[in-house]
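A.B. asks:
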Amino acid sequence: MRKSKLGILMLVLALLLVFTAGCGGQAEKDQGQADTEKIKVGFIYIGVPGDAGFTYSHDQGRQYLEKEIPEVETAILENVHEGADVERSLEQLIQDGCNIIVANSFGYGDAVLAVAKKYPDVKFLHCSGLETEKNVSTYFGRIYQARYLSGMVAGAMTKNNSLGYVAAYRIPEVVRGINAYTLGAQAVNPNVKVKVVWTNTWFDPTKEKEAAKSLLETGCDVIAQHQDTPSAQQAAEEAGKYSIGYNSDMSKFAPNANLTSPVWNWGPYYVKTVKAVMDGTWKSEAYWGGLEDGIVDLAPISDKVPADIKKQVEAKKKEMTDKEWDVFTGPIKAQDGTVKVPEGKKMTDAEMLSFDWFVAGVEGNIGK
Amino acid sequence: MESATIALLAAAIVAGTPILFAALGELMAERSGILNLGVEGMMLVGAVLGFIFASNTGNHWYGLLAAMMGGGLMASIHAFISVTLRGNQVVSGLALTIFGTGISGFMGKSYQGMPAADPFRPIAVPLLGDIPVLGPILFKQDALVYISLILAIGLWYILFRTRWGLRIRSVGENPAAADAVGISVSRVRYICTILGGMFAGLGGAYLSLAYAPSWQENMTAGRGWIAVALVIFALWNPLRGLLGSYLFGGVEALTFRIQTIGIHVSSFFLAMLPYLLTILVLVLVTIRLRQEAGAPRALGVPYDREER
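See the structure below:
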């Protein structure tokens, strides 16, 4: 009996040792920075950094931040599901000394606002959120601009004038992406149609692949997607057709099929924001940056795409970065042919953020 | 239209195959009297181990082997608890599912989002693949689809046409009587449960190595539970299980194809249909057939020799 108790004690001690050793590595990093206010950024992720999707793109941003401002320390809590655990996880990061918190999912909103009230000195950055507070900023990117550019590539490469779009949920963000993609494709190929299939998932490889296959069977020869898994890309690769990725450069999953991907690039925003906090110039804002800030971009375009198309894409990109033009500029017709945005008019941010109709050329039911 | 129907049926078979593997395993275990609700967990462990071994060896058959070992190992825990310790099978099975979900996520963490090294690809069977209509549906699939077909027919044959099958079924119906004629109840139950776990592991590996060749946490997305329901739907008959799993797979495939032809039916509604059917079948079974074709009578009941 005595012996086994001793054994358990040893085990506990050994575990503690391993645990503290693991933590020690991080804590040592910023000694010697004692003079300036220590900045520690805590990231709370909806997924895991290896998913090639949304969380992956955020973690790339975190690594970029560490590289650009070496004195900043970061911490991660991954795979935190939207729900009861969020508040506790946020508080844990704050207990660990984080004074900036990055929350990368829409559904963290309520928890972020509640915890922000309790800790007025901690700054919160809430991705794709709706509400700001004195210490809560929201941030997102105009990924629709990159979607438009990827649509141009798809429109130029289709042979049947039939594009497939594996859509996630019926929410304005997804609808906006489909519309931008369609307009981009029509800009280079007026006869093009975009077929939409909804999966009602962010993350279900088999469902998303099945949806892509169903589109390929109806004759679509370029497949685009809005989910976080590369399975739609794999379906296109197996069928010998083309695909457009999303979130990160997905060409490694479908080297022959993938033409390009609209990508997130959160790094510059994190660097800019953390610098502002260090300078004391930070103020809460609702940030929605575009191509000009580099927060959204287009991954390198495949060599299969002709050079003159690449040139056209570059030219359009420049128009957007120079703010001469934006995607949802009239005339834009809805599916039923009514003019929704008259010539010379531009949709406002508020209108774009509540998109609930498809542009002409989209074949699919928005199912309100 | 014809080609669309063929494509739909071919997709139904692909979508039904992982469920079929798992359902066959569960069917075998239940026929011997062991209810194993850990299917989802065993599938996940199979999926992750299959993916890890296939990526590291570059050979999908090693992955398959690892998946079967993993599923079998998980099932042996369940067998130990329910046969040797005569524990509560529902609790043990549920624990297995939760454990499998956790450990598969843990093991697969660094493999998330990696493309599969050597996925299973469709192989057309010579001659049979050229039969019009039936060829492209049945005989232009990957090797695992053929294996699942052979397993389903083989299991039916073993259960209903051999002495071995009779032993399994008698252990599931009346273990005391089986014991009295010299059949080792524990041995039969151990074998059936562990083999069943191996089948579930195969089902998981089908997802991560053939269907959507990649590993994503929780990628079975409830298919293990469908398999459990399917066993009831199939009235514990492997051939009905074969049809049932293709029916379930067909509904999954139909969900998206119905959208592409422009009919608007809520995808949530379609996803619900097979379960509605399961409930209906259960109701019919209990009203009409009662004894003849119902569940093995000793299902879920631990066998204790002393209690006779």
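Sequence lines, in order, name chains A and B.
The opening position of the first sequence corresponds to residue 17 in this note's numbering, with each subsequent residue numbered one higher.
The opening position of the second sequence corresponds to residue 1239 in this note's numbering, with each subsequent residue numbered one higher.
For every residue, glycine included, the Cβ atom is placed at its ideal position computed from N, Cα and C.
Report whether the distance from the Cβ of Val1371/B to the nearest heavy atom of the ligand HEM is below 7 angstroms.
C.D. replies: With respect to small molecules bound, the structure shown includes none, and the ligand HEM cannot be examined in it.
A.B. asks: Nearest CA to the CA of Leu81/A: which residue from Thr245/A, Val96/A, Lys291/A, Val128/A?
C.D. replies: Restricting attention to Thr245/A, Val96/A, Lys291/A, Val128/A, the CA atom closest to the CA of Leu81/A is found in Lys291/A.
A.B. asks: Looking at the secondary structure, which residues open and close the beta strand (DSSP E) in which Thr154/A lies?
C.D. replies: 152-157
A.B. asks: Ala1465/B and Ala1261/B - do their beta-carbons sit closer together than 8 angstroms?
C.D. replies: yes
A.B. asks: Taking buried to mean at least 16 other C-beta atoms within 10 Å of its own C-beta, is Phe374/A buried or exposed?
C.D. replies: buried
A.B. asks: Closer than 8 angstroms by beta-carbon distance: list the chain B residues that pair up with Lys225/A, in chain order.
C.D. replies: Contact annotation for Lys225/A against chain B: Tyr1449, Ala1450 [CB-CB distance below 8 angstroms, chain order].
A.B. asks: Compare the C-beta of Pro278/A with all C-beta atoms of chain B and state if any pair is closer than 8 angstroms.
C.D. replies: no
A.B. asks: Are the Cβ atoms of Met1286/B and Ser1342/B separated by less than 8 angstroms?
C.D. replies: Looking at the sequence provided, one finds Val at residue 1286/B rather than Met. Yes, these two residues count as a Cβ contact at 8 angstroms.
A.B. asks: Evaluate Met1510/B with the Cβ neighbour count: other Cβ atoms within 10 Å of its Cβ, from every protein chain shown; 16 or more gives buried, anything less gives exposed.
C.D. replies: exposed
A.B. asks: DSSP three-state call for Gly353/A: helix, strand or coil?
C.D. replies: coil
A.B. asks: I need the DSSP call for Ala376/A, collapsed to helix, strand or coil.
C.D. replies: coil
A.B. asks: Near Ala1242/B, what residues of its chain come up, given a Cβ to Cβ distance below 6 angstroms and the 5 sequence neighbours on each side ignored?
C.D. replies: none
A.B. asks: I need the straight-line Cα distance from Thr345/A to Thr354/A, nearest angstrom please.
C.D. replies: Those two C-alpha atoms are separated by around 15 angstroms.
A.B. asks: Tell me Thr90/A's beta-bridge partners as DSSP assigns them.
C.D. replies: Val57/A
A.B. asks: So does the segment 1295-1305 of chain B actually touch the segment 1452-1462 of chain B, counting three or more Cβ pairs closer than 8 angstroms?
C.D. replies: no
A.B. asks: Does DSSP put Asn1456/B in a helix, a strand or coil?
C.D. replies: coil
A.B. asks: Report yes or no: do the segment 1486-1503 of chain B and the segment 1276-1293 of chain B share at least 3 C-beta pairs separated by less than 8 angstroms?
C.D. replies: no
A.B. asks: Would Gly1279/B pass as an interface residue toward chain A - the criterion being a Cβ-Cβ separation below 8 angstroms?
C.D. replies: no
A.B. asks: Write down the C-beta distance between Thr1255/B and Leu1382/B rounded to the nearest angstrom, noting that I regard them as a contact closer than 8 angstroms.
C.D. replies: About 6 angstroms; that satisfies the 8 angstroms criterion.
A.B. asks: Ala331/A touches chain E at which residues, Cβ-Cβ below 7 angstroms?
C.D. replies: Structure shown: chain E not included; protein chains present are A and B.
A.B. asks: Can you say whether Asp1380/B is buried or exposed, counting buried as having 16 or more other CB atoms within 10 angstroms of its CB?
C.D. replies: buried
A.B. asks: When DSSP builds the beta bridges, which residues end up paired with Glu149/A?
C.D. replies: Beta-bridge pairing by DSSP links Glu149/A to Val152/A.
A.B. asks: Would you mind giving the Cβ-Cβ distance between Gly1462/B and Phe1471/B, rounded to the nearest angstrom? I have them listed as a contact below 8 angstroms.
C.D. replies: Not confirmed; about 15 angstroms, so no contact.
A.B. asks: Note down, in chain order, each residue of its chain lying with its Cβ closer than 7 angstroms to the Cβ of Leu1468/B, except the 5 sequence neighbours on either side.
C.D. replies: Ile1257, Ala1261, Gly1479, Gly1482, Ser1483, Phe1486
A.B. asks: Where does the unbroken alpha helix (DSSP H) through Pro1451/B begin, and where does it stop?
C.D. replies: No alpha helix (DSSP H) contains Pro1451/B, which DSSP labels as neither H nor E.
A.B. asks: Compare the Cα-Cα distances from Ala183/A to each of Glu149/A, Val152/A, Ala227/A, Tyr160/A and report the closest residue.
C.D. replies: Ala227/A
A.B. asks: Just confirm the distance between the C-beta atoms of Ala1248/B and Pro1364/B, as a whole number of angstroms; I'd bet it's less than 8 angstroms.
C.D. replies: Rounded, the Cβ-Cβ distance is 18 angstroms, inconsistent with contact.
A.B. asks: Quick one: any contact between the segment 1307-1317 of chain B and the segment 1401-1418 of chain B, if contact means 3 or more CB pairs under 8 angstroms?
C.D. replies: no
A.B. asks: In the structure shown, what three-state DSSP assignment does Ser105/A receive?
C.D. replies: In the displayed model, Ser105/A falls within a helix according to three-state DSSP.
A.B. asks: Counting only Cβ-Cβ distances shorter than 9 angstroms, please list the residues of the segment 72-83 of chain A near chain B, keeping chain order.
C.D. replies: Tyr72
A.B. asks: Please specify which runs of the alpha helix (DSSP H), each continuous and at least 4 residues long, are wholly inside the segment 220-301 of chain A, giving them in chain order.
C.D. replies: 221-233, 247-255, 283-295
A.B. asks: Apart from the five residues just before and just after Cys114/A, which ones in its own chain have a Cβ nearer than 8 angstroms to its Cβ?
C.D. replies: Lys56, Val57, Gly58, Ala91, Val138
A.B. asks: Taking the Cβ atom as the reference point for each residue, do Gly1439/B and Gly1310/B lie within a distance shorter than 8 angstroms?
C.D. replies: yes
A.B. asks: Which chain A residues are close to Glu1490/B, counting only those with a beta carbon under 7 angstroms from its beta carbon?
C.D. replies: Glu226
A.B. asks: Taking 8 angstroms as the threshold (beta carbon to beta carbon), is Gln1454/B in contact with chain A?
C.D. replies: yes
A.B. asks: Considering Cα atoms alone, identify which of Ala130/A, Pro65/A, Ile159/A, Ile239/A is closest to Glu149/A.
C.D. replies: Ala130/A
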